[in-house]
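Letter by letter, the sequence shown follows residues 1 to 93 of this note's numbering.
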Amino acid sequence: MRQDTSTTPQAEERDARNRQRAVKRARAGKARADTRRRAEIIREQLADPRATECRCPITPASTPVELQALGAGCTAGRWVCPTLDAIRRRIGT
């Protein structure tokens, strides 16, 4: 007699929950890595000698949304803050 290899509905639901948790953990890990990378880039750019002229309120904890918003207050006409510009280019915002 052949043994039934199908799974129970409960086992399928448990597997689906486990997969969902794994995806959630992976997304959280990627978000942490992205935040760490962004902070590293900002720290590196702020350590640059020409960053001493920058008056932008940029911190390593700045989010991409905050960096976009700074563009409106840290630029004048055609002039763009070189530090902010370098950070935004490297981060890709």
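Beta carbons are placed, not taken as given, at the ideal position from N, Cα and C, and that holds for glycine.
Less than 9 Å between the C-beta atoms of residue 42 and residue 60, yes or no?
Counting from one through the sequence shown, the residue named residue 42 turns up at place 42. Counting from one through the sequence shown, the residue named residue 60 turns up at place 60. Contact: yes.
Mark residue 83 as exposed unless 16 or more other C-beta atoms lie within 10 angstroms of its C-beta, in which case mark it buried.
One-based indexing of the sequence shown puts residue 83 at position 83. Per the 10 Å Cβ criterion, buried.
I want to know whether the stretch 47-54 touches the stretch 3-23 - three or more CB-CB distances under 8 Å.
no
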